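A.B. asks:
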Amino acid sequence: MDPRQFEHTVVADNDIHSIVMSYLLHNCFNETADSLASSTGVKQPAIDRDNMERRKQIIHFILERKALKAFELTEQLAQDLLEKNKDLQFDLLCLHFVELICAGNCTEALKFGKTRLAPFGKVKKYVEKLEDVMALLAYEDPEKSPMFHLLSSEYRQQVADNLNRTILEHTNHPSYTPMERIIQQVTVVRQYLTEENGKVIVVFQYFYSYI
Amino acid sequence: MNSSPPPANSANGDTTNNGENGQDLNLNFLDKIRLSAKRDAKEDEGEELPTELNTINSAGGFLVVSPDKLSVKYTNTNLHGHDVGVVQANKPAPIKCLTYYFEIFVKDSGIKGQIAIGFTKESFKMRRQPGWEVNSCGYHGDDGYLYRGQGKGEPFGPKFTKDDAVGGGINYASQEFFFTKNGTIVGKIPKDIRGHLFPTVAVHSQNEEVLVNFGKKKFAFDIKGYEASERNKQQLAIEKISIPPNIGYGLVKTYLLHYGYEETLDAFNLATKNTVPPIHIDQENAIDEDDSSYALKQRKNLRQLVRNGEIDTALAELQKLYPQIVQDDKSVVCFLLHCQKFIELVRVGKLEEGVNYGRLELAKFVGLTGFQDIVEDCFALLAYEKPEESSVWYFLEDSQRELVADAVNAAILSTNPNKKDVQRSCHLQSHLEKLLRQLTVCCLERRSLNGDQGETFRLRHVLNNNR
Numbered sequence: 001m002d003p004r005q006f007e008h009t010v011v012a013d014n015d016i017h018s019i020v021m022s023y024l025l026h027n028c029f030n031e032t033a034d035s036l037a038s039s040t041g042v043k044q045p046a047i048d049r050d051n052m053e054r055r056k057q058i059i060h061f062i063l064e065r066k067a068l069k070a071f072e073l074t075e076q077l078a079q080d081l082l083e084k085n086k087d088l089q090f091d092l093l094c095l096h097f098v099e100l101i102c103a104g105n106c107t108e109a110l111k112f113g114k115t116r117l118a119p120f121g122k123v124k125k126y127v128e129k130l131e132d133v134m135a136l137l138a139y140e141d142p143e144k145s146p147m148f149h150l151l152s153s154e155y156r157q158q159v160a161d162n163l164n165r166t167i168l169e170h171t172n173h174p175s176y177t178p179m180e181r182i183i184q185q186v187t188v189v190r191q192y193l194t195e196e197n198g199k200v201i202v203v204f205q206y207f208y209s210y211i
Numbered sequence: 001m002n003s004s005p006p007p008a009n010s011a012n013g014d015t016t017n018n019g020e021n022g023q024d025l026n027l028n029f030l031d032k033i034r035l036s037a038k039r040d041a042k043e044d045e046g047e048e049l050p051t052e053l054n055t056i057n058s059a060g061g062f063l064v065v066s067p068d069k070l071s072v073k074y075t076n077t078n079l080h081g082h083d084v085g086v087v088q089a090n091k092p093a094p095i096k097c098l099t100y101y102f103e104i105f106v107k108d109s110g111i112k113g114q115i116a117i118g119f120t121k122e123s124f125k126m127r128r129q130p131g132w133e134v135n136s137c138g139y140h141g142d143d144g145y146l147y148r149g150q151g152k153g154e155p156f157g158p159k160f161t162k163d164d165a166v167g168g169g170i171n172y173a174s175q176e177f178f179f180t181k182n183g184t185i186v187g188k189i190p191k192d193i194r195g196h197l198f199p200t201v202a203v204h205s206q207n208e209e210v211l212v213n214f215g216k217k218k219f220a221f222d223i224k225g226y227e228a229s230e231r232n233k234q235q236l237a238i239e240k241i242s243i244p245p246n247i248g249y250g251l252v253k254t255y256l257l258h259y260g261y262e263e264t265l266d267a268f269n270l271a272t273k274n275t276v277p278p279i280h281i282d283q284e285n286a287i288d289e290d291d292s293s294y295a296l297k298q299r300k301n302l303r304q305l306v307r308n309g310e311i312d313t314a315l316a317e318l319q320k321l322y323p324q325i326v327q328d329d330k331s332v333v334c335f336l337l338h339c340q341k342f343i344e345l346v347r348v349g350k351l352e353e354g355v356n357y358g359r360l361e362l363a364k365f366v367g368l369t370g371f372q373d374i375v376e377d378c379f380a381l382l383a384y385e386k387p388e389e390s391s392v393w394y395f396l397e398d399s400q401r402e403l404v405a406d407a408v409n410a411a412i413l414s415t416n417p418n419k420k421d422v423q424r425s426c427h428l429q430s431h432l433e434k435l436l437r438q439l440t441v442c443c444l445e446r447r448s449l450n451g452d453q454g455e456t457f458r459l460r461h462v463l464n465n466n467r
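Here the protein sequences line up with chains A and B, keeping their order.
In this text, residue positions in the first sequence follow UniProt numbering: the first is 1, and each later residue adds one.
In this text, residue positions in the second sequence follow UniProt numbering: the first is 1, and each later residue adds one.
1. For Arg231 (chain B), decide whether its Cβ has a neighbour in chain A, counting only Cβ atoms nearer than 8 Å.
2. Nearest CA to the CA of Val64 (chain B): which residue from B:Arg307, B:Leu265, B:Val203, B:Phe221?
3. If I measure Cβ to Cβ from Thr40 (chain A) and keep anything under 7 Å in the same chain, skipping five residues before and after, which residues do I get?
4. Which residue or residues does DSSP assign as beta-bridge partners of Glu178 (chain B)?
5. Determine the burial state of Arg156 (chain A): buried for a count of at least 16 other Cβ atoms within 10 Å of its Cβ, exposed for fewer.
6. Check whether the stretch 365 to 384 of chain B touches the stretch 302 to 316 of chain B, taking contact to mean three or more Cβ pairs, one atom from each stretch, closer than 8 Å.
7. For Thr99 (chain B), which of helix, strand or coil comes out of DSSP?
8. For Leu100 (chain A), I'd like the list of residues in its chain whose CB is within less than 7 Å of its CB, leaving aside the five on either flank, ordered along the chain.
9. Rounded C-beta distance between Gly167 (chain B) and Phe221 (chain B)? I'm assuming under 8 Å.
10. From B:Leu382, B:Met126, B:Leu403, B:Phe177, pick the residue whose C-alpha is nearest to that of Thr55 (chain B); which is it?
11. CA-CA distance, Gly138 (chain B) and Ala93 (chain B)?
12. Compare the C-alpha of Asn213 (chain B) against each of B:Lys159, B:Gln327, B:Glu52 and name the closest.
13. So which residues on chain B does Gln185 (chain A) lean against when the C-beta distance must stay under 9 Å?
14. Using a Cβ-Cβ distance under 8 Å, would Glu180 (chain A) count as near chain B?
15. Which whole runs of the alpha helix (DSSP H) in the stretch 337 to 382 of chain B are 4 residues long or more, in chain order?
16. If I measure Cβ to Cβ from Leu211 (chain B) and keep anything under 7 Å in the same chain, skipping five residues before and after, which residues do I get?
17. For His140 (chain B), which three-state DSSP category applies?
18. Consider the Cβ of Glu263 (chain B): report whether some Cβ of chain A lies at a distance smaller than 8 Å.
19. What does the alpha-carbon distance come out to for the pair Glu352 (chain B) and Cys334 (chain B)?
20. Using a C-beta cutoff of 8 Å, does Asp91 (chain A) count as contacting chain B?
21. Residue 500 (chain B) by DSSP, collapsed to three states: which one?
22. For Ile279 (chain B), name the three-state secondary structure that DSSP assigns.
23. Assuming contact is defined by CB atoms lying nearer than 8 Å, are Gly248 (chain B) and Glu180 (chain A) in contact in what I supplied?
24. For Ile193 (chain B), which residues in the same chain have their Cβ closer than 6 Å to its Cβ, ignoring the five residues on either side in sequence?
25. Quick one: what's got a C-beta closer than 6 Å to Ile287 (chain B)'s C-beta in the same chain, skipping five residues either side?
26. Is the shortest distance between the beta-carbon of Ala267 (chain B) and the beta-carbons of chain A less than 8 Å?
27. Go ahead and label His196 (chain B) buried or exposed: buried means 16 or more other beta carbons lie within 10 angstroms of its beta carbon, across all protein chains shown.
28. I'd like to know whether the C-beta of Gly121 (chain A) is nearer than 8 Å to at least one C-beta of chain B.
29. At the level of alpha carbons, what is the spacing between Asn14 (chain A) and Asp50 (chain A)?
30. So, is Gln453 (chain B) buried or exposed, given that buried needs 16 or more other C-beta atoms within 10 angstroms?
31. From the DSSP output, which residues share a beta bridge with Ile104 (chain B)?
32. By DSSP, does Asn21 (chain B) sit in helix, in strand, or in coil?
33. Just confirm the distance between the C-beta atoms of Gln206 (chain B) and Ile111 (chain B), as a whole number of angstroms; I'd bet it's less than 8 Å.
34. If contact means a Cβ-Cβ distance below 9 Å, which residues of the stretch 47 to 79 of chain A contact chain B?
35. With a cut-off of 8 Å, does the C-beta of Tyr255 (chain B) fall near any C-beta of chain A?
36. Please decide whether Arg194 (chain B) counts as near chain A, where near means a Cβ-Cβ distance under 8 Å.
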């Protein structure tokens with residue numbers, strides 16, 4: 001591949017700004033988006049502010065370990081969303097269970113587990129996770145259990161991301177940002193060029209720290 | 001309007017951005033200006049499309065093509081297999097797209113209904129049915145067979161006759177031919193013919209008459225829908241790719257640092273303080289964040305000055321803080337700043353002052369290839385009563401100020417003593433921009449490996465069709 005092609009490829013600044021803007025709006029960074037709009041002069045696309053505010057609240061509740069509040073807000077926003085997305089419903093309820101455990105509230109957790117989580121055990125795909133989650137009850141220090149990742153902020157972030165995307169999809173918005181699509185495209189094309197044709201792209205090593 | 005840029009030379013000292021061949025890497029900013037000029041132009045690949053039948057090489061004597069060159073009639077009484085009335089389109093099917101498609105409508109199936117639609121090469125023997133010779137393919141109405149080079153065809157689809165609309169297409173992504181009848185796909189076969197192919201129509205018995213549609217009229221088949229579903233298939237494959245966590249966060253953060261959007265960065269840091277776990281970057285390959293935050297305050301200030309059109313102050317600040325940047329008066333950065341000053345004078349209607357300034361500071365760039373076209377376009381602003389409605393309107397936009405601000409930003413970043421030589425060009429664009437350029441180039445490369453056939457990456461599509 002001719003590296004000079006790379007030097008001469010031009011990308012419009014507005015496109016770059018748009019990509020960042022859509023990322024910010026997708027993740028509900030509304031103040032940052034406002035600031036970016038005034039810094040770059042790029043207009044924010046007309047989006048549903050109310051929708052974004054609510055998603056922001058919901059995401060924050062999850063990250064702040066208030067999964068039940070997130071659950072309620074989601075139901076308010078879109079009544080049948082969680083019914084139609086049982087996986088998510090299960091994840092949220094599990095998070096609440098984990099919160100109870102971490103707060104040392106084992107009786108409460110047990111009760112919650114029996115009433116709200118156990119019914120999921122009838123469906124095969126939830127069984128393994130249900131068992132993992134309930135097993136946390138057995139540990140004095142859940143952080144030291146093999147299921148410690150369920151307590152992690154990364155896991156909460158993951159559930160929050162899923163819920164964010166599902167709400168966006170449910171309310172007829174794109175559930176993935178252009179930025180993510182671009183990253184996926186780069187990965188696919190790189191794979192193709194490397195595997196199919198033995199060409200290794202050496203020029204672009206400064207990306208390897210991110211991808 | 002001037003279009004393609006010749007390479008530019010400028011006298012560069014050590015402190016400016018030099019690539020291996022000594023060219024000013026900031027030239028990319030000039031290309032961005034040219035990109036603005038082409039904004040409204042359609043993003044086509046410069047291929048000519050088939051529009052009508054070719055009367056020059058058709059099998060004359062056996063058939064008659066109408067004056068509008070969009071229908072053909074077999075006039076002879078056929079006697080044998082070498083008196084087929086074949087006609088090709090005037091241009092080959094374009095290849096730098098996802099699909100190509102055209103249709104025929106059978107007006108009269110004549111005595112034997114031996115009509116065919118398909119694709120042939122330029123050198124095709126024009127007295128044989130498409131598909132009866134190698135390197136051609138044809139879907140025949142009398143037997144519904146598909147022929148692709150062998151004498152015997154293979155059963156393919158339904159026969160077709162009077163009042164049927166039959167279409168032939170090429171799918172470059174899957175490298176297949178496909179055919180349709182009355183709006184429905186009949187079938188597809190692998191395309192193993194290389195090179196340019198001509199849409200081809202053939203008639204072979206007395207009174208057969210066929211109308212051809214190269215896209216001027218609506219097709220019976222929903223080709224757009226077909227393309228969309230093909231793109232969807234590719235898209236679904238792409239969507240399965242897992243995205244490393246926090247990569248968006250990293251790209252946005254470095255983007256904000258790169259451009260010096262300090263307030264936005266503060267807002268972003270505040271918003272993500274509690275949400276994102278710290279990124280673990282492999283130290284060997286790490287882009288040092290501290291380098292990106294180099295001279296953040298100064299870059300922010302300079303950006304604000306340029307954005308407000310205060311070019312003189314900006315130049316003074318640069319002279320004070322980073323004299324090495326403005327030392328070479330013929331560098332891209334100086335050019336952009338002087339241009340902007342000129343533009344600012346035009347913006348407020350000080351045309352005479354503008355002309356004087358232009359003569360003083362911009363005239364020296366006229367001789368230098370690579371700058372000339374932009375200087376000329378700039379001066380063209382003076383020619384219009386309402387320059388904002390002219391073809392050079394983009395110079396008056398805030399986006400032009402942004403562009404100059406970006407160039408100044410990059411220039412300041414280049415003065416960072418910590419930057420290793422290898423990463424010389426790193427600071428010219430943010431990672432996000434580099435990522436996009438890489439994607440564009442990789443897609444072009446991928447297409448060229450596919451015989452240069454098919455669509456390439458279009459950022460517009462990703463931004464507009466985001467599902």
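Backbone N, C-alpha and C fix where the C-beta goes; we use that ideal spot for every residue, glycine too.
Just so we're clear, the structure is a prediction, and the values are computed from it rather than from any experiment.
C.D. replies: Taking the coordinates as given:
1. False, the Cβ-Cβ gap to chain A never drops below 8 Å.
2. For Val64 (chain B), the nearest C-alpha among the options comes from B:Val203.
3. If we look at Thr40 (chain A) and ignore the five residues flanking it on each side, its Cβ neighbours are His17.
4. Looking at the sequence itself, residue 178 (chain B) is Phe, so the reference to Glu does not match. Note: Phe178 (chain B) sits in a beta bridge opposite B:Gly169, B:Lys188.
5. A buried status is given to Arg156 (chain A), since no fewer than 16 other beta-carbon atoms sit within 10 Å of its beta-carbon.
6. Verdict: no, contact absent.
7. Reduced to three states, the DSSP call for Thr99 (chain B) is strand.
8. Result list for Leu100 (chain A): Glu108, Ala109, Phe112, in chain order.
9. Taking a contact as a CB-CB distance under 8 Å, the pair Gly167 (chain B) and Phe221 (chain B) counts as one, their CB atoms being some 5 Å apart.
10. Ranking B:Leu382, B:Met126, B:Leu403, B:Phe177 by Cα distance to Thr55 (chain B) puts B:Met126 first.
11. Between the alpha carbons of Gly138 (chain B) and Ala93 (chain B) lies a gap of roughly 15 Å.
12. When the alpha-carbon of Asn213 (chain B) is set against those of B:Lys159, B:Gln327, B:Glu52, the nearest one is in B:Glu52.
13. Simply Ile238, Ile241, Leu439, Cys442, Cys443, Phe457, Val462.
14. At a cut-off of 8 Å between C-beta atoms, Glu180 (chain A) counts as an interface residue with respect to chain B.
15. Within the stretch 337 to 382 of chain B, the complete alpha helix (DSSP H) runs of at least 4 residues are 351 to 357, 372 to 380.
16. Excluding positions up to five away in sequence, the list reads Leu70, Ser71, Ile104, Phe105, Lys107.
17. DSSP places His140 (chain B) within a strand segment (E or B) once states are collapsed to three.
18. Taking 8 Å as the CB threshold, Glu263 (chain B) lines the interface with chain A.
19. One C-alpha to the other measures close to 22 Å.
20. Using beta-carbon distances, Asp91 (chain A) does not count as an interface residue toward chain B, since no partner is under 8 Å.
21. Absent from the structure is residue 500 (chain B), since the part of chain B shown begins at 1 and ends at 467.
22. Residue placement at Ile279 (chain B) cannot be trusted, given a pLDDT of 48 that sits under 50; the coordinates are not used to answer.
23. Yes; because the gap between Cβ atoms is below 8 Å, this pair is in contact.
24. Exclusion of the five residues before and after Ile193 (chain B) leaves Asn135 as the residues of its chain whose Cβ lies within less than 6 Å of its Cβ.
25. Interpretation of Ile287 (chain B) is limited by its pLDDT of 46, a score under 50 that renders its predicted location unreliable; the figure taken from the coordinates is listed afterwards. Around Ile287 (chain B): no qualifying Cβ.
26. Yes, contact with chain A.
27. Answer is exposed; the Cβ neighbour count stays below 16.
28. No, its Cβ sits nowhere closer than 8 Å to a Cβ of chain B.
29. Going from the Cα of Asn14 (chain A) to the Cα of Asp50 (chain A) covers about 26 Å.
30. By the neighbour-count definition (other C-beta atoms within 10 Å, threshold 16), Gln453 (chain B) is a buried residue.
31. Per DSSP, the beta bridge partners of Ile104 (chain B) are B:Val166, B:Val212.
32. Unreliable positioning characterises Asn21 (chain B) in this predicted model, as indicated by a pLDDT of 38, which lies under 50. The coordinate reading is nonetheless provided below. Reduced to three states, the DSSP call for Asn21 (chain B) is coil.
33. Yes, Gln206 (chain B) and Ile111 (chain B) are in contact; Cβ-Cβ is about 5 Å, under 8 Å.
34. Residues passing the 9 Å Cβ filter: Ile59, His60, Leu63, Glu64.
35. Tyr255 (chain B) counts as touching chain A.
36. No - not a single Cβ of chain A is within 8 Å of the one on Arg194 (chain B).
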